[in-house]
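Engineer: Residue numbers (our numbering): 11 to 487.
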RNA sequence: GUGGGUGUAGCUCAACUGGUUAGAGCAUCGGACUGUGGCUCCGAGGGUUGAGGGUUCAAGUCCCUUCACUCACCCCA
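1. Skipping 5 residues on each side, what residues in its chain have a beta carbon closer than 7 Å to that of residue 82?
2. Less than 8 Å separating the beta-carbons of residue 389 and residue 411?
3. Going by C-alpha to C-alpha distance, which of 107, 71, 105 sits closest to residue 92?
4. For residue 43 and residue 50, what's the separation of their Cα atoms in angstroms?
5. Using C-beta distances below 8 Å, list every residue in its chain close to residue 119, excluding the 5 sequence neighbours before and after it, in chain order.
6. List the DSSP bridge partners of residue 385.
7. Considering only the alpha carbon of each residue, which of 373, 375, 161 lies closest to residue 123?
8. Relative to the C-alpha of residue 262, which residue among 434, 192, 336, 32 is closest?
9. Along the alpha helix (DSSP H) that carries residue 65, what are the first and last residues, could you check?
10. Could you name the residues that DSSP lists as bridge partners for residue 151?
11. Using 8 Å for Cβ pairs, my map puts residue 436 next to residue 423. What's the rounded Cβ distance?
12. Identify which residue in 255, 251, 256, 197 has its Cα closest to the Cα of residue 227.
13. Secondary structure at residue 326, three-state DSSP: helix, strand or coil?
14. In chain order, what residues of the same chain lie with their CB nearer than 6 Å to the CB of residue 486, ignoring the 5 residues before and after it?
15. Is residue 307 helix, strand or coil when you go by DSSP?
16. Residue 252: buried (16+ other C-beta within 10 angstroms of its C-beta) or exposed?
17. If you scan the segment 182-244 from start to end, which runs of the alpha helix (DSSP H) of 4 or more residues do you find wholly inside it?
18. Would residue 366 and residue 413 be called neighbours here (beta carbons separated by less than 8 Å)?
19. If you scan the segment 32-100 from start to end, which runs of the alpha helix (DSSP H) of 4 or more residues do you find wholly inside it?
20. Go ahead and label residue 109 buried or exposed: buried means 16 or more other beta carbons lie within 10 angstroms of its beta carbon, across all protein chains shown.
21. If you run the structure through DSSP and keep just helix, strand and coil, what is residue 290?
22. By Cβ distance, which residues of its chain are closer than 8 Å to residue 463, with the 5 residues on each side in sequence left out?
23. How is residue 159 classed by DSSP in three states: helix, strand or coil?
24. What residue does the beta strand (DSSP E) around residue 24 start on, and which one ends it?
25. Measuring only the C-alpha atoms, how far is residue 7 from residue 102?
26. Could you tell me the alpha carbon to alpha carbon distance between residue 404 and residue 177, rounded to whole angstroms?
27. Would you check if there are 3 or more beta carbon pairs closer than 8 Å linking the segment 330-341 to the segment 209-224?
28. Does residue 139 come out as helix, strand or coil in the three-state DSSP assignment?
29. What is the rounded straight-line gap between the Cα of residue 456 and the Cα of residue 45?
30. Leaving aside the five residues before and after residue 164 along the sequence, list all residues of the same chain whose C-beta is less than 8 Å from its C-beta, in chain order.
31. Under a Cβ-count criterion, where at least 16 other Cβ atoms within 10 Å of its own Cβ denotes burial, should residue 140 be classed as buried or exposed?
32. Please look up how many angstroms separate the CB atoms of residue 151 and residue 21, rounded, as I've assumed it's under 8 Å.
33. In the DSSP assignment, what are the bridge partners of residue 434?
34. Would you identify the three-state DSSP class for residue 10, choosing helix, strand or coil?
35. For residue 158, is the classification buried or exposed, using 16 other Cβ atoms within 10 angstroms of its Cβ as the cut-off for buried?
36. Cα separation between residue 30 and residue 344?
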């Protein structure tokens, strides 16, 4: 087989019809984002390493061992983004002017309200992990961030947006998990309570919990799935019992709204998330049909992140969802995509080509001006008539334009409807490829085609993608 | 990083307990049909059996190493 290049581990190539599905799905998400007022942003795929190590926390698995980091030619440490929230915050701080600040106890205190933005994004992210179903080294996320307000209704709007997106794809059997992990004022004391709880059993905990988590971030012990830790986690104190007044009111407000809006959710006191920047509300949407990597989307509040990254204290909330995982869930439900009707041009011989090439060019322009969606293709391998028509059939072409020696001599051109197998001659005034002549012929062809297309159109109304999708869902399971 | 499963033609898979020249379907290309397509028939090309080493008279098959894919742990989207 020789030596062949294959793509790096954990990366994927996308081809039609997959690419069409992605475009379709992204477009629906964009429309949904528009109605929520989340505006699309684009930030670089790489950033200074420091942004991530500080942003998501030195101790986290992501920062500690999953980052694609390299030194560039200027000696800077650069990292391919493993997530998009930290870059969004960086972009926010860099581009949106703050009101005046005063320094108090080494912290920047805002004199007025910070700029408020509601953003959404799409794009690739990179983590060095062993790939498996729903997990890749280059994967794609979409998500939203609302920066500049601590209003609990924004937590709701973010969750609602995620659910609305999933709903537009008729996804069922999704579960919303919710928790609150407190803030910088109540978490330290809770942390101590946790340490005390686990202290007596320290020797019986798993390696990771014993050595790292207990010291660095005892909350993450709650998230540990090891058999060893399970019995001690069961009886451990949970974050919501130790929330400060502010966090408690916030969490109550969030839950109140969720109930009011009849959003089904379940409290999960062990949901703590793997990134250090979360505060207060955290949530996750999981699916039972994804295998081990069952989380479709995860997010929450990050009221301290902007300050961690060198800005003033600005509250924010957001989530990120995995495109690959979303596609896994919905791709069987997605409809086939209507292609533009195909016109296959069949020039036989050099003279015919000399006329056909400018004609094709002109046809494309005329079709566009008349807003006729038409795909025009031809043969480039000098095949004979039979073979070219065979190719046209293989490509499911709807029409063929045939031009050979005979036609040139008789000053005509054959337009064949490949569905009905009927063909007719279109007279040529001349075989000069003057613009006027080409335009004339183009319009003749397009006129004939339009008639056929009208017939097809009424037929295709049954195949409206959304209707078809709905039907599938209703009939299936 | 750790464990399980799997690697045979472009794709999907055969080849009994080790036994001649590794087969089939689909796909591709050509011909029947020197200018009218989807069908049919005939034919052709395509393989260092993932790679490297070992055992054996003999290895696709057994052993070791390595690589890739895949699922799971871990972690997360």
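Virtual Cβ for every residue (Gly too), placed ideally from N, Cα, C.
Quantities reported herein were computed from a predicted structural model and do not represent experimental measurements.
Structural biologist: On the basis of the supplied data:
1. 88
2. no
3. 71
4. 8 Å
5. 111, 112, 113, 322, 323
6. 352
7. 161
8. 192
9. 59-65
10. 133, 332
11. 5 Å
12. 197
13. strand
14. Bear in mind that the predicted position of residue 486 carries a pLDDT of just 39, short of 50, making it unreliable; the figure below should be weighed with that in mind. Closer than 6 Å at the Cβ level, and outside the excluded window around residue 486, lies no residue.
15. strand
16. buried
17. 197-209, 240-244
18. yes
19. 59-65, 71-75
20. exposed
21. strand
22. 351, 382
23. coil
24. From DSSP, residue 24 is part of no beta strand (DSSP E); its letter is neither H nor E.
25. This structure gives no information on residue 7, because the portion of the chain shown stretches from 11 to 487.
26. 37 Å
27. no
28. coil
29. 39 Å
30. 156, 327
31. exposed
32. The Cβ separation is near 15 Å, so there is no contact.
33. 425
34. This structure gives no information on residue 10, because the portion of the chain shown stretches from 11 to 487.
35. buried
36. 10 Å
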